[in-house]
Every structure is written in structure tokens, then in C-alpha cells.
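*Asks:*
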Amino acid sequence: MTVCSGDPALALACGIDDVEGERRVRERDRGHVLAASSTLNRLELGKPDEASTDRYRKVVADHAALDRLLVDLFLESHGEPPGEIVLNLDATDDPIHGHQEGRFFHGYYDHPCFLPLFIICGEHNLCCRLRSADRSAADGSVDELSRIVAQTRRAWPSTRIVARGDSDFGKDEIMVWCEAHDVDYVFGCGQNIRLNALIARKLERSRRRCLVVSSIQGILFLCGL
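In terms of the working numbering, the numbers along the sequence shown are unbroken and rise by one, the last being 362.
Here is the structure:
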């Protein structure tokens with residue numbers, strides 16, 4: 138996280154009246170109205186019971202409130218409840234270039250990384266959970282879906298909710314939870330010999346249709362249509 142601690146505009150946006158930092162208690166802080174990045178990074182380690190006793194952890198993050206805020210911002214972005222929303226679940230690599238706690242080499246990505254979980258609806262990020270990479274991509278998905286779906290339904294009780302993800306998320310635990318909580322789902326299924334044999338004709342039919350559509354689109358493009 139990078140913050141310009143001497144930016145008066147940022148200070149004003151934060152509601153600080155001393156936009157030059159002239160009234161800071163310590164002399165060395167004067168002229169720097171905002172907290173430096175090293176101060177803000179303490180949010181990760183600060184605990185509520187330490188806020189009044191540890192001078193370096195006076196700023197404490199309420200992680201549950203931050204989680205709710207992401208969903209609230211999504212809900213408030215709609216003038217009226219939509220008929221349907223799709224919650225896209227995915228995990229991706231967050232490369233590590235040092236020896237951070239939780240460092241783990243991930244074979245698929247071929248480098249040390251974290252493996253954060255994302256739940257996204259349209260352009261809105263409803264969940265970003267940092268995790269070490271020594272786990273399944275779907276790890277913790279039920280807990281995150283549970284709170285997001287519950288919060289969404291309190292505001293939009295009639296909205297249909299669909300969960301979508303690749304084969305990493307096609308786990309019994311997730312599908313059983315979705316069925317028990319009236320959440321529709323579309324998850325990928327890992328390939329195997331028996332499955333490929335059963336759907337071989339349909340795959341070939343889909344491939345041919347795709348080729349036909351592509352050819353028609355190419356002809357229309359050449360004709361300027």
C-alpha cells in the first residue's frame with residue numbers, strides 16, 4: 138500500500154481539517170498529515186484488545202465490517218433488485234518475491250505465491266480472501282458464499298442467485314450447500330475417459346456449429362455487413 142502522507146487533498150477527502158499536518162503531536166510527524174504506509178500496514182496485525190495499550194496498533198481493522206462493506210457497495214449500486222445475479226468464484230496466484238509468511242510453491246503457476254479467493258458479480262468484487270497456496274482453490278468457499286448470500290437476500294429476498302466456477306469449485310461440499318440454500322450453480326467438471334466417451338457426439342456437434350458460425354461471421358465481415 139502506498140500513500141502520500143503529505144497530500145492536502147487526500148487529507149481533506151478524509152475529513153481532516155489540519156490539511157498541512159502542522160498540529161501533529163510529534164515534531165517529526167509535522168508536515169505529514171496522513172499516516173505513512175508502514176502505519177497503515179499495521180491494520181493486518183492489530184487486534185481490538187491491543188488498541189488502547191500498544192501505541193503502534195491504535196488503528197484496528199474490523200474485518201467483518203470490511204467484508205460487509207464490499208457487499209453493501211454492490212447492493213447500493215442498484216436502483217432496484219435485479220431478477221438474477223451470478224456470483225463468480227475464482228482463485229488466482231499472487232506471486233511472492235521474498236520470504237513472506239505463508240510462502241508456498243504452487244506447481245500449476247510454477248512459482249511461490251499466495252492463492253487468494255475472489256467472488257465477483259459483474260464488475261463488483263464481493264470477496265477477496267488472502268490465503269496461502271498450500272490448499273485447494275475452493276477452500277473456504279462455503280463460508281464466503283454463506284455470508285454473501287445471506288446479506289444479499291436480506292436486501293433482495295426475491296433475487297435468484299447463481300454460483301459459477303470452474304472445475305476446482307465443483308466440490309460436493311459446495312454443491313450440497315447450494316442446493317440446501319436454494320442457490321443455483323454452474324460448475325465445471327474435470328475430464329475423464331468415461332465422460333469424454335459419453336459426450337463425444339455432442340462435443341463434435343458443438344465444434345461443427347462453432348465452425349459454421351465463425352465462417353458466417355467471417356463472410357459478413359468481408360462483405361462489410
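Think of the CB as a built atom: it goes at the ideal place given N, C-alpha and C, for glycine as much as any other residue. On a predicted model such as this, the values are computed, not experimentally measured, just so you know.
Using the DSSP secondary-structure output, state which residues sit across from N262 in a beta bridge.
*Replies:* I257, per the DSSP bridge assignment.
*Asks:* Compute the beta-carbon to beta-carbon distance between C315 and A300, rounded to the nearest angstrom, for a pair I have assumed lies under 8 Å.
*Replies:* With 8 Å as the limit, C315 and A300 qualify as a contact, their Cβ atoms being about 6 Å apart.
*Asks:* Would you say the segment 255-267 touches the segment 333-342, given that touching needs at least three Cβ pairs under 8 Å?
*Replies:* At 8 Å Cβ cutoff, the stretches do not touch.
*Asks:* How long is the line joining the alpha carbons of T139 and D231, rounded to whole angstroms?
*Replies:* Because T139 carries a pLDDT of 47, less than 50, the predicted location of this residue cannot be relied on, and no value is offered for it.
*Asks:* Does the beta-carbon of V286 have 16 or more other beta-carbons within 10 angstroms, so that it is buried, or is it exposed?
*Replies:* With 16 or more Cβ atoms within 10 Å of its Cβ, V286 is classed as buried.
*Asks:* Less than 7 Å between CB atoms is the rule here; does D227 satisfy it with respect to chain C?
*Replies:* Within the model displayed, chain C is absent; a lone protein chain is all it includes.
*Asks:* Determine the closest residue to C221 out of L149, A201, R297, F211, with distance taken between C-alpha atoms.
*Replies:* This sequence places Glu at residue 221; Cys is not what is there. Of the listed residues, the one whose Cα sits closest to E221 is R297.
*Asks:* Have a look at R344 and G216 and give me their C-alpha separation to the nearest angstrom.
*Replies:* Going from the Cα of R344 to the Cα of G216 covers about 41 Å.
*Asks:* Can the beta-carbon of S283 be found closer than 7 Å to that of L226?
*Replies:* Contact: no.
*Asks:* Check I298 in the structure and name its three-state DSSP category.
*Replies:* Strand at I298.
*Asks:* Here's the rule: buried if 16 or more other CB atoms are within 10 angstroms of the residue's CB, otherwise exposed. What is A150?
*Replies:* Per the 10 Å Cβ criterion, exposed.
*Asks:* Confirm, please, whether the CB-CB distance from I256 to E238 is below 7 Å.
*Replies:* Contact flag unset, no.
*Asks:* Since E221 is in the beta strand (DSSP E), which residue starts that stretch and which ends it?
*Replies:* Start and end: 221-228.
*Asks:* Counting only the same chain and skipping the five closest in sequence on each side, list residues whose C-beta sits under 6 Å from that of V117.
*Replies:* Residue coverage of the chain in this structure runs from 138 to 362, which leaves residue 117 outside it and unanswerable.
*Asks:* What's the gap between the Cα of L147 and the Cα of A317?
*Replies:* In a straight line, the C-alpha of L147 is about 46 Å away from that of A317.
*Asks:* Helix, strand or coil: how does DSSP classify P218 here?
*Replies:* Three-state DSSP puts P218 in coil, outside helix and strand.
*Asks:* What did DSSP end up calling S304 once you bin it into helix, strand or coil?
*Replies:* The answer is helix: DSSP assigns S304 an H, G or I state.
*Asks:* Give me the residue from D319, L252, D276 with the minimum Cα distance to S295.
*Replies:* Per the Cα distances, D319.
*Asks:* Looking at the secondary structure, which residues open and close the beta strand (DSSP E) in which D321 lies?
*Replies:* Element bounds for D321: 321-324.
*Asks:* Mind checking who F241 pairs with in its DSSP beta bridge?
*Replies:* F241 pairs with C250.
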